Structures are given as C-alpha cells and as structure tokens.
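Report on the structure given below.
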Amino acid sequence: MSFSTTARNHHPCVSEGLNPGRIRRDFPILSRKVHGKPLAYLDNAATSQKPQQVIDAVSRYYSRTNANIQRGVHLLSVQATDAYEATRERVRKFLNATRAEEIVFVRSTTEAVNLVAQTAGRSILGPGDEVIVSRMEHHSNIVPWQMLCQEKGARLRVIPVSGRGELLLDEYEKLLNPRTRIVAVTHVSNVLGTVNPVRKMVEMAHGHGALVLLDGAQAVPHLEVDVQELDCDFYCFSGHKIYGPTGIGILYGKWNHLESMPPYQGGGEMIRSVSFEKTTYNEPPHKFEGGTPNIAGGVALAAALDYLENLGLDRVAAYENELLEYATSRLSQVSGLRLIGTAPSKAAVLSFVLDEVHPHDMGTILDLEGVAIRTGHHCAQPLMDYYGLPATARASLAFYNTREEIDALCRGLEKVMEVFE
Amino acid sequence: MADLSALYQEVILDHNRRPRNFAVLEDADHQSEGFNALCGDRVTVYLKLKGSVVDEISFQGSGCAISMASASIMTESLKGRTVEEVKALFERFHQLVTGNLDSEDHSEPDLGKLVVFEGVSRYPVRVKCATLTWHTLRAALEKRNEVVSTE
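Just so you know, the protein sequences line up as chains A and B, in that order.
Take the first sequence: its letter number 128 is residue 128 in my numbering, and every next letter is one higher.
Take the second sequence: its letter number 65 is residue 65 in my numbering, and every next letter is one higher.
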C-alpha cells in the first residue's frame, strides 16, 4: 500500500504488530453473537464499531459535564466548551492543520460537502464554469455539486476510471481548463478501496486555479493524512467511520477560504451581533456552526482519535494491509468470484460479485453465518454503471478484524454456492 | 441450513434460474418500471388486458433470487384473473410475506404456488424484494408511468 502522504512514526514500536486479540476486548460489540454465530463484522466502510473508551467518553460527558457551550458563565458550560474546543485542537493535530480555527464541526462528510458547495461553491461558480468530480465518487460528493451546477448553469465533468479502478490522470489533465473552479474527489474509494493520488491531483488543479475538496471519509481510518502536505483547500470526514460517534463530522478548510466564504446556516453561534437592520457574522469556524452542535459526539471523537493514534496509524495500516492481502488471496480462490477494484494502491475494502448469485442473496446467507457485509450499490451508482453491475458485495476491514473472520466469510460463500449450485 | 431452505425453496431457486414469462410484451397496453434502491433490483412489468381479465403478462429485469422468482411466479399466477382478483391476491400475498396472514383464513383467492414465499416473513429486509414486482404491477394497472420505488 502506498500512501499519498509520508508516514510519520508516532508510535515507538512500529515493528511490533498489533495484537487483535487484545484490541478486540476494547470493542464490546465484537463479542456478541448474531443468529447464534460469532459476529464477523466486515462492514466497516459503512460504519465502524466503537471502543469502550469512546462509549465511556459519551457516558462521562452526559454524567459529569453536560451543558450548552460557548455562552454560559457557569462551570458546566465552561467545562463543556473547553472539552468541545479541545476536540477541535485534537482534530487539528490529527490532520496537521495550521490552526484549530480551520476545523469546522459538521454532522457528517455529506454536510461538509454541502457546506462547501453552498458557500464557497455558490460564490465562485458562474454560468459556463466547471466542477470536476470522479466516476468513483459517493453520491454525497456528486449530488451537491450537480445541484449547484444546475442552479448556476455550470457544467459537471467526470474523471473516468480504469477497469482496475484507478482514476485516469491523463483524462483528468484534459478536463482541467481555465473554467475549472472546483475539483471534488475522494481520497479512498468506498467501493473499490483505491487510494487516489490526491496530492498530485491537488497540484494539477491548483495549476489551473481551481479549489480542491477531498472526501476523506474512507481514508482517515486507514492512513495518515497531512492536509498541509496534501495542500488541499478542503478535507472532510465523518466521526463514525473512524471509531467515533455518528452525527459528528469534520470539515477542514484553509483559513483564507473560510474567512472569505459566506456563512452556511443562519442561527445562533454563527453571529456576532443581530439587529433587524444588519447582522454581522462570527469568525470562522463559528461562522459555520449555527445551532447547538453534537457536543458529546465531538468530545467522544477526540477519544476515538486518541485511541487510534495510540495504536499508531502506521501499525494499523500495516496490519490492515496484511489482512487485505490475505483476504484478496482467499477470495481469489473462490470459484466464480470476481473482485471489483484491483488497483495496486488499496485500502482494506473488497468488493466482489459471484457468477449467478445476486449480492443481496449472498448478504442474507452470510448474515445467517454471523458475517456482516454490505451489499448493493454503495451509494455509487455511476461507478456501478461503469462496471455494468447493479450491485456488489463488499467486505470492508478494520484493525480489529482477523484472519479467522476472513475464513468465516469464505465458509459462508461456500454455503451460498451450496444453495445456488 | 433449516432457516435457509425455508427462504430459498427449490421452487424459488428454479424460477430464479429459469424465469417464466421473461420477455418484452410488444403490444402491452399497460406497463410500468420498478426499482428497489436497497439492492438495485430493476423490473419492468408488461400487461395486456382483455376487458378486465389479464390476457397476457410478462416481465423483464434483473435482481436478487427472491425478486426474480417473485416476478416469475407472479406472472404465472395471474393469467386469466380479473383485475379485482389480482388486487385481492396482492393483498393476501403482502400479508403472507409480512407474516400477517391468518392461517385459518381460507377465503379466496387461493395463494396457490405463491405460498413458497412464506419464508420471506422471517427476513423483514427481504419483503421489498418479494413485493417489488407486485407494486410495479399495481402501478401498471393504474397506468401510472413513473418509476416505482420500494423506498
């Protein structure tokens, strides 16, 4: 696996591998059974499970600290504000952003993309301008741009992919032109696992004066991200895919962009002063954070990032890569199985189809064996159309998965074949 | 495997492998397209009525075994029935796959071969697969031309 960012060795003992047996004890849900079978949770790209440390952070926040933030004078409000703002700094460090004010709390990656489309996008896009996305985007990084293009009379252009599931950079180069205002691409594909060469793509876009938003939802759980090194204008991810809670997401934006962007949703917190004649807006990031946020979610996100960095993202990546290789080799031996997405640079996501068996039928039979995978179009219908598939089955791995769980998947697929022979 | 064989009965697997009435009906007087966003199933139902009786019925599409077999067996079950009977049968079929059918209720119309879908009631997420083609048929009968979604 090659990363677009240089590995920074946080952990002193990189050479020591992870101990999944010990790690799994941190995740209470992994010990439960489904349909009387041990759970093999292989749907991490949809959402990850949460370690006890994250669950405790939510519980501790509501048991000890809960209050509304930013404006209170009482102790609880001060402590809640401090905890929430400490997460902002925690995320800054995680992404290696220049300053904490470049970190905007949102609900999800989807909201982050919509925020950028409706603020920066809406102010810079005019009739005849162009927005570039890729064929492998999640719907949430297509539809907000499509809506904006329709509104502005702008044109949405699409970077094609190769059969292996790589973006065609030559074609991307041809798409870039002086009308290109925004490039919005995913760092890691949720269907194919492909790690895109985003650093190079950012450089190419900047050469044409375009802004770049990177969808990092599938990247941050698997590889180290340094937004300064990537030089992207915006980067976004969701808390729940990185072992944190649902309902909290992050938008990173370069300070000068955030400063010049109009506000997103009007409300409390995003203002400096309000009168019926004139309202002045708060500074970033608060300008984009109207309404009481998911405070507990934010606090627990910090616990998730602590957990992950304590394991060491480089060790996580090394372990997941080894597991990916094992799973790729095991699945390749299943007769009639075809892997969709075979780029050389991949995160631990395996999409596949079986001759004569629809993924949804696979999903039901695997579920009865305790194996949880995702089946369907994975919110990436244009990519499915490219491969001529209505759906795929997808196993997506995390550092707490084991070879035994991959074996359980393969045994389950044998059952599928027995039923459908 | 007991659970599995209740869902994937041999009749269902057979209809999935060799769907009956799987064709475009060129001179259909009713047709409608259905889409199940959950698994990407797509089905088009074609219908030709003689008066209020189903004279010809066929379908085309792709999807999981449950949806394909359901479409196939549905087309077999409806030829020669009146529109009123078709609607009553859908009602009973829906009760069957959602586990709401009163086993003591022997009123007409008889479900016949459709009873093979009884196992679906134990898999609530698969109800949409079993009923997609029926919803699409109903839309065709009502001559609604938009795409039907199970969402």
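For every residue, glycine included, the Cβ atom is placed at its ideal position computed from N, Cα and C.
As the structure is a prediction and not an experimental result, all values here were calculated from the model.
- With a minimum length of 4 residues, the unbroken runs of alpha helix (DSSP H) contained wholly in the stretch 27-75 of chain A fall at 52-60.
- In the three-state reduction of the DSSP assignment, arginine 338 of chain A falls in the strand class, which pools E and B.
- Counting only unbroken stretches of 4 or more residues, the alpha helix (DSSP H) elements lying wholly within the stretch 220-270 of chain A are 227-230 and 255-260, in sequence order.
- Scanning chain A for C-beta atoms nearer than 7 Å to the C-beta of aspartate 102 of chain B yields nothing, as the closest lies near 27 Å away.
- With a cut-off of 8 Å on Cβ pairs, the stretch 219-234 of chain A is not in contact with the stretch 268-278 of chain A, counting fewer than three such pairs.
- The C-beta of glycine 119 of chain B comes no closer than 8 Å to any C-beta of chain A.
- Secondary structure at lysine 48 of chain B: strand, using DSSP grouped into helix, strand and coil.
- Inside the stretch 274-354 of chain A, DSSP marks whole alpha helix (DSSP H) runs of 4 or more residues at positions 295-311 and 313-332, from first to last along the chain.
- Within the stretch 366-411 of chain A, the complete alpha helix (DSSP H) runs of at least 4 residues fall at 381-387.
- When C-alpha distances from proline 197 of chain A are compared across A/Asn177, A/Arg181 and A/Val161, the shortest belongs to A/Val161.
- Rounded to whole angstroms, the gap between the alpha carbons of glycine 341 of chain A and proline 245 of chain A is 29 Å.
- With a cutoff of 8 Å on beta-carbon distance, threonine 109 of chain A and glycine 247 of chain A are scored as not near each other.
- Cβ contact annotation for asparagine 21 of chain B (same chain, cutoff 6 Å, sequence separation greater than five): Ser58 and Thr75, in chain order.
- Minimum Cα-Cα distance from aspartate 82 of chain A among the listed residues A/Glu102, A/Gly298 and A/Asp226 corresponds to A/Gly298.
- The CB of aspartate 3 of chain B comes closer than 7 Å to the CB of Leu368 in chain A, given here in chain order.
- Residue range 155-159 is occupied by the beta strand (DSSP E) that includes arginine 155 of chain A.
- By the neighbour-count criterion, in which 16 or more other beta carbons inside 10 Å mark a residue as buried, aspartate 361 of chain A falls on the buried side.
- Looking at the DSSP output, phenylalanine 420 of chain A shares a beta bridge with no other residue.
- Counting only runs of at least 4 residues, the stretch 50-126 of chain B fully encloses the following alpha helix (DSSP H) elements, listed from N- to C-terminal order: 65-78 and 83-97.
- About 22 Å separates the beta carbons of asparagine 44 of chain A and alanine 296 of chain A, which is beyond the 8 Å limit, so they are not a contact pair.
- Nearest to valine 212 of chain A by alpha-carbon distance, out of A/Ile242, A/Ala67 and A/Tyr252, is A/Tyr252.
- Glycine 239 of chain A and glycine 376 of chain A have their C-alpha atoms roughly 23 Å apart.
- For glycine 165 of chain A, the closest alpha carbon among the candidates A/Lys241, A/Gly193, A/Arg411 and A/Arg24 is that of A/Gly193.
- A straight-line Cα-Cα distance of about 22 Å links valine 353 of chain A and threonine 47 of chain A.
- Residues of chain A whose Cβ lies closer than 7 Å to the Cβ of serine 32 of chain B do not exist, since the nearest Cβ in that chain is about 19 Å away.
- Rounded to whole angstroms, tryptophan 145 of chain A and alanine 219 of chain A show a C-alpha spacing of 21 Å.
- Interface annotation for the stretch 371-382 of chain A against chain B: Thr375, Gly376 and His377, criterion Cβ-Cβ distance under 7 Å.
- The beta-carbon separation of threonine 65 of chain A and alanine 80 of chain A, rounded to 5 Å, stays under the 8 Å limit for a contact.
- Glutamine 31 of chain B has B/Tyr46 as its beta-bridge partners, per DSSP.
- Arginine 181 of chain A and isoleucine 142 of chain A have their C-alpha atoms spaced approximately 15 Å apart.
- By the neighbour-count definition (other C-beta atoms within 10 Å, threshold 16), asparagine 114 of chain A is a buried residue.
- Counting C-beta pairs closer than 8 Å gives three or more between the stretch 4-16 of chain B and the stretch 52-66 of chain B, which meets the contact rule.
- Contact check for cysteine 379 of chain A against histidine 139 of chain A passes: the beta carbons are separated by less than 8 Å.
- Its chain contains Gly34, Val43, Val45, Phe59, Ser67, Ser70, Ala71 and Met74 as the residues whose beta carbon lies nearer than 7 Å to that of threonine 133 of chain B, once the 5 sequence neighbours on both sides are disregarded; these appear in chain order.
- Taking CB atoms only, tyrosine 123 of chain B has a neighbour in chain A less than 8 Å away.
- Cβ neighbours of valine 191 of chain A within its own chain (closer than 6 Å, five residues either side excluded): Ser351, His378, Ala380 and Leu383.
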